[in-house]
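Have a look at the structure below before the remarks.
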Amino acid sequence: MSDSISFRRMTEADLDAVLKVEYAAYSHPWTRGIFLDGLQSYDCWLMFEGSQQVGHGVIQVILDEAHLLNITVKPESQGRGLGLRLLEQLMQRATQLNARECFLEVRDSNRAAYRLYERYGFNEIGRRRDYYPAVGGREDAVVMACTLLD
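Basically my numbering = 1-based index in the sequence shown + 233.
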């Protein structure tokens with residue numbers, strides 16, 4: 234993996250590129266409207282490899298609790314450790330915003346993401362039945378949590 238990884242805040246001008254990555258990565262992607270709302274209320278970041286936008290992430294921090302709402306790496310850039318780099322950046326940001334713990338939901342079928350979160354230090358703490366829309370019905374969410382340390 235190249236070391237030319239950089240991060241910057243997402244702006245409304247980035248949304249076309251963000252949506253391209255989002256729609257390539259997910260069967261039920263976030264919409265432009267969700268991202269527009271997110272830019273007002275959440276901490277939204279882009280990840281670049283050199284000059285190429287390869288991912289994005291969104292966290293929400295309320296008091297001392299962070300919620301990882303979205304983490305996406307371009308499908309053709311996956312499998313090279315970029316998801317972990319992005320997760321580390323987002324958790325570092327949550328810590329700067331005084332979060333002590335982070336929560337997330339992940340699709341039960343998304344084993345690659347589950348392993349990524351586990352590797353970072355997240356633990357499974359519960360399930361939400363039929364939380365996600367899925368092809369042909371609904372799918373459970375696995376709820377995970379991680380204590381954030383300085």
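Backbone N, C-alpha and C define an ideal beta-carbon position, used for all residues, glycine too. This structure is a prediction, so every number in the text was calculated from the model and none was measured.
Put simply, the segment 340-358 touches the segment 316-327. At least three CB pairs are less than 8 angstroms apart. Residue pairing for Q293: DSSP places it in a beta bridge opposite H300. Take the alpha-carbon of V376 and the one of S284: they are about 34 angstroms apart. DSSP places L323 in the helix class (H, G or I) of the three-state scheme.
Between V294 and L330, the gap from beta carbon to beta carbon is short of 8 angstroms. R352 is bridged by DSSP to nothing; it lacks a bridge partner. Rounded to whole angstroms, the gap between the alpha carbons of A332 and E298 is 5 angstroms. Per DSSP, the continuous beta strand (DSSP E) segment holding L337 begins and ends at E334 to R340. Contact between F268 and L296 is absent: CB atoms are separated by about 24 angstroms, not below the 8 angstroms threshold.
The shortest C-alpha to C-alpha distance from H261 to any of A367, A374 and D373 is the one to A367. Beta-bridge partners assigned by DSSP to W278: R242 and G290. For Q311, same chain residues with a beta-carbon under 7 angstroms away, outside a window of 5 residues either side, do not exist. In this model, G316 and T305 are separated by some 7 angstroms (Cα to Cα). Judged by beta-carbon spacing, R361 lies within the 8 angstroms limit of E338, meaning their Cβ atoms are closer than that value. The beta carbon of D363 is closer than 6 angstroms to those of R371 in its chain, skipping five residues each way along the sequence.
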